[in-house]
Amino acid sequence: MESNDRRCFLEEVPADTLVSGKYKAEEYDQDKREWVTANSLGVLIQVEETEEKHPVVNSKGPSIGSFTFTSHLAGDHTVCLSTNSSNVSWYKGKPTLRIHLDIAIGAVKHDESADLNHLQTLTNRVRDLNAKLNDVRKEQEFQREREVEFRDISDSTNKRTITWSIIQMIVVAAACYWQSSHLRNFFNEKKLR
């Protein structure tokens with residue numbers, strides 16, 4: 089590519105897609121016989137939607153840089169790069185340039201309202217889960233209270249059962265003693281007569 093030439097590329101891009109490009113312009117140094125970064129070189133970047141002829145990017149940048157845009161329509165986009173080299177000398181002629189271009193078509197742009205709706209849905213679900221968690225905690229506390237109450241009732245019933253068993257044993261022992269003494273007296277009286 090020679091100085092002040094323009095090169096264009098077609099990129100097919102889906103709608104609402106983030107596109108980023110990186111470029112690097114180099115100039116061929118005939119004395120060193122190698123490509124060197126041309127710091128004095130400026131690059132003009134122009135991007136337009138091919139069908140609508142709608143300009144998307146129109147910016148000037150240094151010899152190494154990047155550009156980013158979001159496509160609004162699906163279809164072909166024309167990416168054009170041109171240089172503004174002023175290094176034309178009568179003994180060297182126009183400088184030979186090369187441009188490295190790396191275009192990355194990114195992820196589809198998220199709809200913010202859908203993200204907000206999703207966030208609101210998640211917030212509502214978290215609130216519902218917190219409410220259910222509080223209900224479970226209250227139910228557990230209620231069950232603990234009922235367990236303590238049941239344990240107290242069971243202990244009281246157990247004590248009463250033991251107490252009545254002891255009282256019954258005393259009554260039976262007293263009845264046995266009374267009957268045996270009464271029968272002894274009865275038989276003693278019968279013997280004496």
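Each residue of the sequence shown is one higher than the one before, starting from 89 at the first, in our numbering.
Just so it is clear, CB atoms sit at the ideal spot from N, CA and C, and this is done for glycine as well.
Could you have a look at residue i and say whether DSSP puts it in helix, strand or coil?
i	result
Arg272	helix
Gln134	strand
Asn146	strand
Lys220	helix
Asp164	strand
Val107	strand
Trp178	Unreliable positioning characterises Trp178 in this predicted model, as indicated by a pLDDT of 47, which lies under 50. The coordinate reading is nonetheless provided below. Coil.
Asp119	coil
Glu200	helix
Leu210	helix
Ile227	Per the sequence shown, the amino acid found at residue 227 is Glu instead of Ile. Three-state result, Glu227: helix.
Glu233	helix
If you draw a straight line from the alpha carbon of residue i to that of residue j, how long is it in whole angstroms?
i	j	result
Pro183	Leu204	53 Å
Glu140	Arg94	21 Å
Phe112	His206	Looking at the sequence shown, residue 112 is not Phe but Lys. Answer to the nearest angstrom: the Cα atoms are 41 Å apart.
Glu122	Leu129	16 Å
Trp266	Thr249	25 Å
Gln134	Val214	47 Å
Trp178	Lys120	Unreliable placement is indicated for Trp178, whose pLDDT of 47 sits below 50; the coordinate value is still reported in the next sentence. Cα-Cα distance, rounded: 19 Å.
Below 8 Å between beta carbons: does that hold for residue i and residue j?
i	j	result
Thr125	Glu136	no
Val131	Ser151	yes
Ser108	Ser154	yes
Leu169	Leu185	no
Tell me the DSSP bridge mates of residue i?
i	result
Phe155	Gly109
Phe97	Val167
Ala192	Ser108
Glu114	Thr125, Arg186
Between which two residues does the beta strand (DSSP E) carrying residue i extend?
i	result
Thr184	Where Thr184 is concerned, there is no enclosing beta strand (DSSP E), given that its DSSP letter is neither H nor E.
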